[in-house]
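>
Number of protein chains: 2
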Amino acid sequence: MTRNDIFEQIQQKRSYLCVGLDTDINRIPKHLLDREDPVFEFNKQIIDATKDLCVSYKPNLAFYEAMGPAGWESLAKTLEYIPREHFTIADAKRGDIGNTSGLYARAFFDTLDFDAVTVAPYMGEDSVKPFLEFPGKWVILLALTSNKGSGDFQLTIQENGQPLYEKVMRRAMEWGSPEQLMFVVGATHPQKFEEIRRIAPEHFLLVPGVGAQGGDLEGLSRYGKNDLVGLLVNSSRGIIYAGDGPDFAAQARAAAEKVQQQMAAVLG
Amino acid sequence: MTRNDIFEQIQQKRSYLCVGLDTDINRIPKHLLDREDPVFEFNKQIIDATKDLCVSYKPNLAFYEAMGPAGWESLAKTLEYIPREHFTIADAKRGDIGNTSGLYARAFFDTLDFDAVTVAPYMGEDSVKPFLEFPGKWVILLALTSNKGSGDFQLTIQENGQPLYEKVMRRAMEWGSPEQLMFVVGATHPQKFEEIRRIAPEHFLLVPGVGAQGGDLEGLSRYGKNDLVGLLVNSSRGIIYAGDGPDFAAQARAAAEKVQQQMAAVLG
Chain A
1 MTRNDIFEQI
11 QQKRSYLCVG
21 LDTDINRIPK
31 HLLDREDPVF
41 EFNKQIIDAT
51 KDLCVSYKPN
61 LAFYEAMGPA
71 GWESLAKTLE
81 YIPREHFTIA
91 DAKRGDIGNT
101 SGLYARAFFD
111 TLDFDAVTVA
121 PYMGEDSVKP
131 FLEFPGKWVI
141 LLALTSNKGS
151 GDFQLTIQEN
161 GQPLYEKVMR
171 RAMEWGSPEQ
181 LMFVVGATHP
191 QKFEEIRRIA
201 PEHFLLVPGV
211 GAQGGDLEGL
221 SRYGKNDLVG
231 LLVNSSRGII
241 YAGDGPDFAA
251 QARAAAEKVQ
261 QQMAAVLG
Chain B
1 MTRNDIFEQI
11 QQKRSYLCVG
21 LDTDINRIPK
31 HLLDREDPVF
41 EFNKQIIDAT
51 KDLCVSYKPN
61 LAFYEAMGPA
71 GWESLAKTLE
81 YIPREHFTIA
91 DAKRGDIGNT
101 SGLYARAFFD
111 TLDFDAVTVA
121 PYMGEDSVKP
131 FLEFPGKWVI
141 LLALTSNKGS
151 GDFQLTIQEN
161 GQPLYEKVMR
171 RAMEWGSPEQ
181 LMFVVGATHP
191 QKFEEIRRIA
201 PEHFLLVPGV
211 GAQGGDLEGL
221 SRYGKNDLVG
231 LLVNSSRGII
241 YAGDGPDFAA
251 QARAAAEKVQ
261 QQMAAVLG
């Protein structure tokens, strides 16, 4: 998928929403638990209810791995079920020495067929590059994350006065083009988006932290938007757990619609 | 498992070897491919051939994930097969926002029953702490890794003149005790072990990079050893792929024995 493909979908749907499929078997409505694969059934209904309101889905691997092999099956079925037009992100935050990163890339791009995978930068160039070797596939590199701990190392000031996340972004931009590299920038740092756009004007940003984590959609969009919109704003719990009864999918749709309408207003 | 349990095993076996089960279905001997679960069969024979020579096994998750759900099954069976005295490490390099790290911890400590998991520090305190909440379980935090890219960010000098990996270690030592926290320090940085022992005199270090990656066992052991030995030196490819014929397990044993004898000499 190209940047333009994503941009066209954003224009068509008036939405740059990514729905995070952080599906926890302990949190899904009770009436689904007697289904053969409750997690897949939940995801299926969420996808049916939200697919015209969002441009991307992002399963978080932790939720599937916590269930062992069965979770891996639910994940594969979910990915298969997502319509092809949607940009699919394996939120895996992987990163290892070269030959091992190559295997993770194979896991997410070949064994499964995700469009993108999130990657952690701590191990440097040879841990990231193997993910960039798959044509048409994307690396979404952690730059400045949405959690409280993002301040611990990502905001560490280097001897040249710049924060570490800036070094991560500048180095990574030498490894991959804006057609294969995005950055994670948390919605909980709205004041940083202007600076981040100076560093990376062309790249798409994946923005978690709206909703349950409290980020401000309008503020970050004002500073974060570029010519191709350049934003995929993720909401997970705020949408998929909007309701917990038999009408959970309708509740999820209502929550997604609310975000989509805010986005339509931003897009003007 | 406690530090003392590991130390006693090291003394008894005259070995601080960790065997990395980086089992790639494309590299295992051809005669195993008609078995029901070739990866498990390979691991089983490697474990039988090496278990008296090593104190720890470390499956690298990437190799299992690359095979999809079947890989997850092979991993679970492998873990089950490893004798209880061995320290088992899920080399997963995970790390995510708090609630998500909690799920990864559940995946490796509950769903599976590993003693330890490797964790990436980039996302900071709340990404690491959930792994520290399981009594008797261990976090092995990436500090200074063995790969070339370790220089990109881990050796970044902060404004106080210290490299980033030092900040990572010092912060993490506030989060967990030497009874629950180890650090990854690559054998490819032998000149750093003296400095690292000044920062963390008591912690065990997991040391990859001996063998295929070229690290020097004797040099790093001289500077890295502490009162409880404090080292788990990993070799993966150098041992498990020592042979590729029907006698692969005997070849793996011979390779492991060579390392074990070097270790016995270091232990004196």
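Top line first, the protein sequences correspond to chains A and B. One point on numbering: in UniProt numbering, the residue at position 10 of the first sequence is 10, and numbering is uninterrupted. One point on numbering: in UniProt numbering, the residue at position 128 of the second sequence is 128, and numbering is uninterrupted. C-beta atoms are modelled at their ideal positions from N, C-alpha and C, and glycine is treated no differently. As the structure is a prediction and not an experimental result, all values here were calculated from the model.
Can you have a look at Gln-45 of chain A and say buried or exposed, based on whether 16 or more other CB atoms are within 10 angstroms of its CB?
For the purposes of this step, residue 45 of chain A is taken as residue 45 along the first sequence, with counting starting at 1. By the neighbour-count rule (16 or more Cβ atoms within 10 Å), Gln-45 of chain A is buried.
> Relative to the C-alpha of Asp-5 of chain B, which candidate in B:Asp-24, B:Asn-147 and B:Glu-85 has its C-alpha closest?
Here residue 5 of chain B corresponds to residue number 5 of the second sequence, with the count starting at 1. In terms of CA proximity to Asp-5 of chain B, B:Glu-85 leads the group B:Asp-24, B:Asn-147 and B:Glu-85.
> I'd like to know if residue 290 of chain B contacts chain A, where contact means its C-beta is closer than 8 Å to some C-beta of that chain.
Because chain B in this structure spans residues 1 to 268, residue 290 of chain B falls outside the shown range and cannot be described.
> DSSP on Thr-188 of chain A, reduced to helix/strand/coil?
What you label residue 188 of chain A is simply residue 188 of the first sequence in a count that begins at 1. Looking at Thr-188 of chain A - three-state DSSP - the assignment turns out to be coil, as it is neither helix nor strand.
> For Arg-3 of chain A, is the classification buried or exposed, using 16 other Cβ atoms within 10 angstroms of its Cβ as the cut-off for buried?
The residue given as residue 3 of chain A occupies position 3 in the first sequence. Per the 10 Å Cβ criterion, buried.
> Using a Cβ-Cβ cut-off of less than 9 Å, give me the residues of the stretch 135-146 of chain B that come near chain A, in sequence order.
Leu-142, Thr-145 and Ser-146
> CA-CA distance, Asp-37 of chain A and Leu-75 of chain A?
On the first sequence, residue 37 of chain A is found 37 positions in, with the first residue counted as 1. On the first sequence, residue 75 of chain A is found 75 positions in, with the first residue counted as 1. Looking at the two C-alpha atoms, the distance is approximately 11 Å.
> Could you tell me whether the Cβ atoms of Thr-145 of chain A and Gly-95 of chain A are closer together than 8 Å?
Within the first sequence, the letter at position 145 stands for residue 145 of chain A. Within the first sequence, the letter at position 95 stands for residue 95 of chain A. Taking 8 Å as the Cβ cut-off, Thr-145 of chain A and Gly-95 of chain A do not qualify as a contacting pair.
> Give the range of the beta strand (DSSP E) segment to which Phe-87 of chain A is assigned.
Residue numbering aside, residue 87 of chain A sits at position 87 when the first sequence is read from its first letter. Start and end: 87-94.
> Between which two residues does the alpha helix (DSSP H) holding Lys-77 of chain A run?
Here residue 77 of chain A corresponds to residue number 77 of the first sequence, with the count starting at 1. From DSSP, the alpha helix (DSSP H) with Lys-77 of chain A extends over 69-81.
> Going by other Cβ atoms of all chains shown within 10 Å of its Cβ, with 16 needed for buried, is Arg-198 of chain A buried or exposed?
What you label residue 198 of chain A is simply residue 198 of the first sequence in a count that begins at 1. Within 10 angstroms of the beta-carbon of Arg-198 of chain A lie fewer than 16 other beta-carbons, which makes it exposed.
> Give me, in chain order, the residues of the same chain whose beta-carbon lies closer than 7 Å to that of Met-169 of chain B; leave out the 5 immediate sequence neighbours on both sides.
Counting from one through the second sequence, the residue named residue 169 of chain B turns up at place 169. Answer for Met-169 of chain B: Ala-143, Phe-183, Ile-199 and Ala-200, listed in chain order.
> Grab me the residues of Tyr-104 of chain A's own chain with a C-beta within less than 6 Å of its C-beta, minus the 5 sequence neighbours each way, in chain order.
Working through the first sequence from its first residue, we reach residue 104 of chain A at position 104. The answer, listed in chain order, is Arg-94.
> Using only the alpha-carbon positions, how far apart do Leu-228 of chain B and Ala-62 of chain A sit?
Position 228 of the second sequence, counted from the first residue, corresponds to residue 228 of chain B. Position 62 of the first sequence, counted from the first residue, corresponds to residue 62 of chain A. A straight-line Cα-Cα distance of about 34 Å links Leu-228 of chain B and Ala-62 of chain A.
> Curious, which full-length alpha helix (DSSP H) runs of at least 4 residues does the stretch 128-154 of chain A contain?
150-153
> Examine chain A for any beta-carbon lying closer than 8 Å to the beta-carbon of Val-185 of chain B, and answer yes or no.
As a working note, residue 185 of chain B is residue 185 in the second sequence. Cβ-Cβ to chain A under 8 Å: no for Val-185 of chain B.
> Going by DSSP, which residues form a beta bridge with Tyr-57 of chain A?
Position 57 of the first sequence, counting from 1, holds the residue named residue 57 of chain A. Answer is A:Val-19 and A:Thr-88.
> Using a cut-off of 9 Å between C-beta atoms, extract the partners of Met-123 of chain A located in chain B.
For the purposes of this step, residue 123 of chain A is taken as the residue at position 123 of the first sequence. Result: Lys-93, Ala-120, Leu-142, Thr-145, Asn-147, Gly-149, Ser-150, Asp-152, Phe-153 and Gln-154.
> Could you list which residues in chain B have their beta carbon closer than 7 Å to that of Pro-130 of chain A, in chain order?
Translated into positions along the first sequence, residue 130 of chain A becomes position 130. Within 7 Å Cβ-Cβ: nothing; Pro-130 of chain A doesn't reach chain B, min ~10 Å.
> Which residues mark the beginning and the end of the beta strand (DSSP E) in which Ala-66 of chain A is found?
As a working note, residue 66 of chain A is residue 66 in the first sequence. Taken as a continuous stretch (DSSP letters only), Ala-66 of chain A belongs to no beta strand (DSSP E), as it is neither H nor E.
> For Ile-46 of chain B, does the three-state DSSP call read helix, strand or coil?
For this step, residue 46 of chain B is matched to residue 46 along the second sequence. In the structure shown, Ile-46 of chain B sits in a helix (DSSP, three-state: H, G or I).
> Could you round the C-beta distance between Thr-78 of chain A and Asn-43 of chain A to whole angstroms and report it? I think they count as a contact, below 8 Å.
Within the first sequence, residue 78 of chain A is the residue found at index 78, counting from 1. Within the first sequence, residue 43 of chain A is the residue found at index 43, counting from 1. About 4 Å; that satisfies the 8 Å criterion.
> Around the Cβ of Ser-127 of chain B, are there at least 16 other Cβ atoms within 10 angstroms (buried) or fewer (exposed)?
Position 127 of the second sequence holds residue 127 of chain B. Its Cβ being crowded by 16 or more others within 10 Å, Ser-127 of chain B is buried.
> Going by Cα to Cα distance, which pick from A:Lys-258, A:Arg-237 and A:Leu-53 is closest to Thr-100 of chain B?
For the purposes of this step, residue 100 of chain B is taken as the residue at position 100 of the second sequence. Thr-100 of chain B has its Cα closest to that of A:Arg-237, out of A:Lys-258, A:Arg-237 and A:Leu-53.
> What residue from B:Met-173, B:Gln-260, B:Tyr-64 and B:Glu-41 has the CA that sits closest to Asp-24 of chain B's CA?
Here the question's residue 24 of chain B lines up with position 24 in the second sequence. For Asp-24 of chain B, the nearest C-alpha among the options comes from B:Tyr-64.
> Cα separation between Val-119 of chain A and Lys-58 of chain A?
Stepping through the first sequence from its first residue, residue 119 of chain A is reached at position 119. Stepping through the first sequence from its first residue, residue 58 of chain A is reached at position 58. Taking the straight line joining both Cα atoms gives about 14 Å.
> Identify, in the order they occur along the chain, each residue of the same chain with its Cβ nearer than 7 Å to the Cβ of Tyr-16 of chain A, setting aside the five sequence neighbours on each side.
The count along the first sequence starts at 1 and reaches residue 16 of chain A at position 16. These residues qualify, in order along the chain: Ile-10, Val-55, Val-229, Leu-231, Leu-232, Val-233 and Met-263.
> Nearest chain B C-beta to Glu-73 of chain A closer than 8 Å, yes or no?
Your numbering for residue 73 of chain A matches position 73 in the first sequence. Interface residue, yes.
> Start and end of the beta strand (DSSP E) containing Ser-235 of chain A?
As a working note, residue 235 of chain A is residue 235 in the first sequence. 231-235 is the span of the beta strand (DSSP E), which, as asked, contains Ser-235 of chain A.
> Pick helix, strand or coil for Ile-25 of chain A, following the three-state DSSP scheme.
To locate residue 25 of chain A, count along the first sequence from 1; it is residue 25. Annotated three-state conformation of Ile-25 of chain A is coil, per DSSP.
> Closest Cβ-Cβ distance between Ala-116 of chain B and chain A: below 8 Å?
Within the second sequence, numbered from 1, the residue matching residue 116 of chain B stands at position 116. Taking Cβ atoms only, chain A never reaches closer than 8 Å to Ala-116 of chain B, which makes this a no.
> Can you grab the Cα-Cα spacing for the pair Arg-27 of chain B / Phe-248 of chain A, in whole Å?
For the purposes of this step, residue 27 of chain B is taken as residue 27 along the second sequence, with counting starting at 1. For the purposes of this step, residue 248 of chain A is taken as residue 248 along the first sequence, with counting starting at 1. A straight-line Cα-Cα distance of about 47 Å links Arg-27 of chain B and Phe-248 of chain A.
> Got a sec, what are the start and stop residues for the alpha helix (DSSP H) Leu-267 of chain A sits in?
Translated into the one-based positions of the first sequence, residue 267 of chain A becomes position 267. Counting along the chain, the alpha helix (DSSP H) containing Leu-267 of chain A begins and ends at 248-267.
> Cβ of Phe-2 of chain B less than 8 Å from any chain A Cβ?
The residue given as residue 2 of chain B occupies position 2 in the second sequence. A quick correction: the sequence has Thr, not Phe, at residue 2 of chain B. Not an interface residue.
> What residues are listed by DSSP as bridge partners for Ala-116 of chain B?
Translated into the one-based positions of the second sequence, residue 116 of chain B becomes position 116. Ala-116 of chain B pairs with B:Ile-89 and B:Trp-138.
> Kindly list, in the order they appear in chain B, the residues whose Cβ is closer than 8 Å to that of Leu-164 of chain A.
Residue 164 of chain A sits at position 164 when you count from the first residue of the first sequence. Residues of chain B whose Cβ lies closer than 8 Å to the Cβ of Leu-164 of chain A are, in chain order, Phe-153, Thr-156 and Leu-164.
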